[in-house]
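Numbering (the numbering used here), first residue to last: 7 to 323.
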């Protein structure tokens, strides 16, 4: 396994994830990737805590500037004693409800009703795929709020929403959408230019607050079986996660895969290809960052990071 330097991580983030999606974060990432002083500070942190989304999110959460690289640099250097402990204690818990648009075609195709269990659930906003509305080009599904837009290629979108009778989440630090401080952290993780995602966060948080899910503080390996055992026996269990496992050390990822494969029901994942060791995939549809949607370990589609697009290449539901 190739270990990337912190400089390479930031350069890759700028070119692959932020380019064409967030000009501000593209500028910051490129600047950090060539700044020896900032890189030296970041390299004092554990590897999993050096990532761009975490640094930028903490600075935004603290009220710092994230538009101009020079003012950002000055702020980080002046406030590192405050930024460093926040980066050590916080995690990138981006709770992007838009990813439900990628999950929906699979969820709607499984035997109904469903019992959903999300690993790395954050505040649980992705546990409500049956409550949101979707727009796949000119095709609409559902009539809830928020409306999740997704450009879908290579698949016929479902005609109806799934039926969910149980929903639960597992997280090392579950967030509460009724806690203003937790919502402020979720807001800080949204990229500067993405006001539509901030609006979506507020709407999805209102859905979750009206009918709170079961959120359990626990480990994805040690505590998953006990939580899964609480699911109704007459529902199809679906354990799922999106953009979570890259934060988990490889031995624990492998242990998680062993555990989840031993559970009844299905395993649905949206992760970077390397995270699950996916090889021999077709070329992505465009340049830039893509996750891969898998069902029970079988690759089905590429998706963009926030669920804004997906391209199917596997067996369609």
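All residues carry an ideal CB built from backbone N, CA and C; glycine is no exception.
None of the values given here were measured: they were computed from a predicted structure.
Contact check for residue 81 against residue 71 passes: the beta carbons are separated by less than 8 Å. In the structure shown, residue 174 adopts extended strand secondary structure according to DSSP, grouped into three states.
Beta-bridge analysis with DSSP links residue 274 to 246 and 301. Per the C-alpha coordinates, the member of 145, 173, 234 and 193 positioned closest to residue 60 is 193. Just measuring C-alpha positions, the residue of 233, 279 and 131 sitting nearest residue 265 is 233.
Secondary structure of residue 140 (DSSP, three-state): strand. The continuous beta strand (DSSP E) containing residue 124 extends over residues 120 to 125. Of the other Cβ atoms in all chains shown, fewer than 16 fall within 10 Å of the Cβ of residue 283; this residue is therefore exposed. The residues 18, in chain order, have a CB closer than 8 Å to that of residue 10 in the same chain once the five nearest residues on each side in sequence are set aside. When rounded, the separation of the alpha-carbon atoms in residue 12 and residue 54 is 10 Å. Relative to the Cα of residue 247, the nearest Cα in the group 63, 155 and 99 belongs to 99. Contact between the stretch 204 to 212 and the stretch 134 to 152 is established, with three or more Cβ pairs separated by less than 8 Å.
DSSP, reduced to helix, strand and coil, places residue 56 outside both helices and strands of the structure shown, so it counts as coil. Boundaries of the alpha helix (DSSP H) around residue 17: 12 to 18. Between residue 175 and residue 222 a beta carbon distance of about 7 Å is seen, short of the 8 Å cut, so the two are scored as contacting. Annotation for residue 318: the continuous beta strand (DSSP E) segment containing it runs 315 to 318.
Annotated as distal: residue 113 and residue 241, with beta-carbon spacing of 8 Å or more. Note that the C-beta distance between residue 15 and residue 57 is below 8 Å. Closest by C-alpha distance to residue 95, out of 123, 52 and 244, is 52.
Buried is the label assigned to residue 297, since at least 16 other Cβ atoms lie within 10 Å of its Cβ. Closest by C-alpha distance to residue 213, out of 314, 133, 39 and 124, is 133. Under the rule that a run must span 4 or more residues, the alpha helix (DSSP H) segments found entirely inside the stretch 181 to 251 read 186 to 194, 201 to 216 and 230 to 234.
The straight-line gap separating the alpha-carbon atoms of residue 225 and residue 261 is approximately 11 Å. In this structure, residue 290 lies near residue 308, with their beta-carbon atoms less than 8 Å apart. DSSP places residue 159 outside any alpha helix (DSSP H); the residue lies instead in the beta strand (DSSP E), whose first and last residues are 157 to 159. Under the three-state reduction of DSSP, residue 24 is assigned to helix. Non-local C-beta neighbours of residue 101 in its own chain, meaning closer than 6 Å and more than five positions away in sequence, comprise 128, 129, 131 and 192, ordered along the chain. Nearest Cα to residue 31 within the set 39, 40, 256 and 20: 20.
The secondary-structure analysis by DSSP pairs residue 309 across a beta bridge with 297 and 316.
For residue 163, the CB contacts under 8 Å within the same chain, skipping 5 residues up- and downstream, are 110, 111, 140, 142, 145 and 147 in chain order.
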